[in-house]
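Presented below is the structure to which this report refers.
Residue numbers (my numbering), protein chains in the order written: chain A, 1 to 199; chain B, 1001 to 1199.
Structural data, given as structure tokens:
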């Protein structure tokens, strides 16, 4: 990195902290910054600071937002008697992109993972239970990855919530649209069989 | 982009302005920023502003630098009677990384390209000629890409400089190290043949 003039070396180094960015991409990005007009660069750097400063966790659903409670929790057009439980805000965003879901959310901020030392106490499970006690909830939808940690968390939540009588469901696992049965892995195929529905 | 809370949408949008960054990578980067501690984020945004503010072109060789003249032009350990002519600062950096070259540079800030409306007057050629008149230059090395624009620029410079009697050379084109003759394209192979040296 001694080949760069100091501020450039520093910028390249900072870009390398971003996920998936190696030295070459970082250099390309740094040169792009130097090529941009000064007011664009200011806008860029402001966007970074503003996002970090303004975005907090919604105190109600723990979604990331600049509002508190967040835009989803305060949206009257949504059905707040359905809570979709996700692990991270990025999962919430993926669901929002489908434009199919019009209920509310609860972001766990992680999944149970004993190997990483993450126990139910580290997640926003307590707050979810409080919501169930205080709100008129009709259904809980678990939209959690079909991974080991996801299965453990789903199981834990199911056991915890079932006794309260609230309807609890999990999103379907099966063949992705556009895939071919022949090439799909066995576990997915097994889940698709298991989740079959009468037509 | 309506799925993001506003400051996040803005940040994702800004990241998408970087070369090679699509919506998915931009989202990953934005989340990385939100995960970083506040002081790290401040450092990141400062590095962007600082690079843009401090890095100017060296008035002597037109390298990008926070110093003026740049670190290379003022380095006494370098041989300033040799000038290596490159198109862009990124080419200079590539040469510096070899640690093989200990002379000075001259950055043209582009290549002659009539199709893009870039004429010799748009490049730092006048300044190069001034250097030749004012400095004791022994050799000019053209380290310019073997592209159409690169060939045109090299030819133009050769014709311009030759009469002054300064030795002028061009870096070698041939097989890249580690490549196989069988798989190399014909033009490279022709250049390699043409550039053969007695052993």
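Where a beta carbon is used, it is the ideal one built from N, C-alpha and C, also for glycine.
{"Item": "Contact set between residue 67 of chain A and chain B, taken where Cβ atoms lie within less than 8 Å", "Value": "1005"}
{"Item": "Residues that DSSP places opposite residue 64 of chain A in a beta bridge", "Value": "A:57"}
{"Item": "Span separating the alpha-carbon of residue 1032 of chain B from that of residue 25 of chain A", "Value": "17 Å"}
{"Item": "Inter-residue spacing [alpha-carbon to alpha-carbon] between residue 1066 of chain B and residue 8 of chain A", "Value": "9 Å"}
{"Item": "Span of the beta strand (DSSP E) around residue 1167 of chain B", "Value": "1167-1170"}
{"Item": "Residue-chain proximity (residue 113 of chain A, chain B), Cβ-Cβ < 7 Å", "Value": "no"}
{"Item": "Chain A contact for residue 1050 of chain B (CB, 7 Å cutoff)", "Value": "yes"}
{"Item": "Where residue 19 of chain A meets chain B, residues with beta-carbon distance less than 7 Å", "Value": "1028, 1029 and 1032"}
{"Item": "Residue-level contact to chain B via CB, residue 128 of chain A, 7 Å cutoff", "Value": "no"}
{"Item": "Distance, residue 37 of chain A Cα to residue 1 of chain A Cα", "Value": "Below a pLDDT of 50, predicted positions are generally treated as unreliable, and residue 1 of chain A, at 43, falls in that range; the measurement from the model is reported next regardless. The alpha-carbon atoms of residue 1 of chain A and residue 37 of chain A are separated by roughly 25 Å."}
{"Item": "Neighbour list for residue 1010 of chain B in chain A, Cβ cutoff strictly below 8 Å", "Value": "47, 50 and 51"}
{"Item": "Cβ neighbour criterion (16 or more within 10 Å) applied to residue 135 of chain A", "Value": "exposed"}
{"Item": "Residue 1145 of chain B (DSSP reduced to helix, strand or coil)", "Value": "coil"}
{"Item": "Cβ neighbours of residue 170 of chain A in the same chain (closer than 7 Å, five flanking residues each side left out)", "Value": "142 and 154"}
{"Item": "Cβ neighbours of residue 1022 of chain B in the same chain (closer than 8 Å, five flanking residues each side left out)", "Value": "1016"}
{"Item": "Within-7 Å CB hit, residue 86 of chain A to chain B", "Value": "no"}
{"Item": "Under 8 Å from the C-beta of residue 1090 of chain B: neighbouring residues of chain A", "Value": "27 and 31"}
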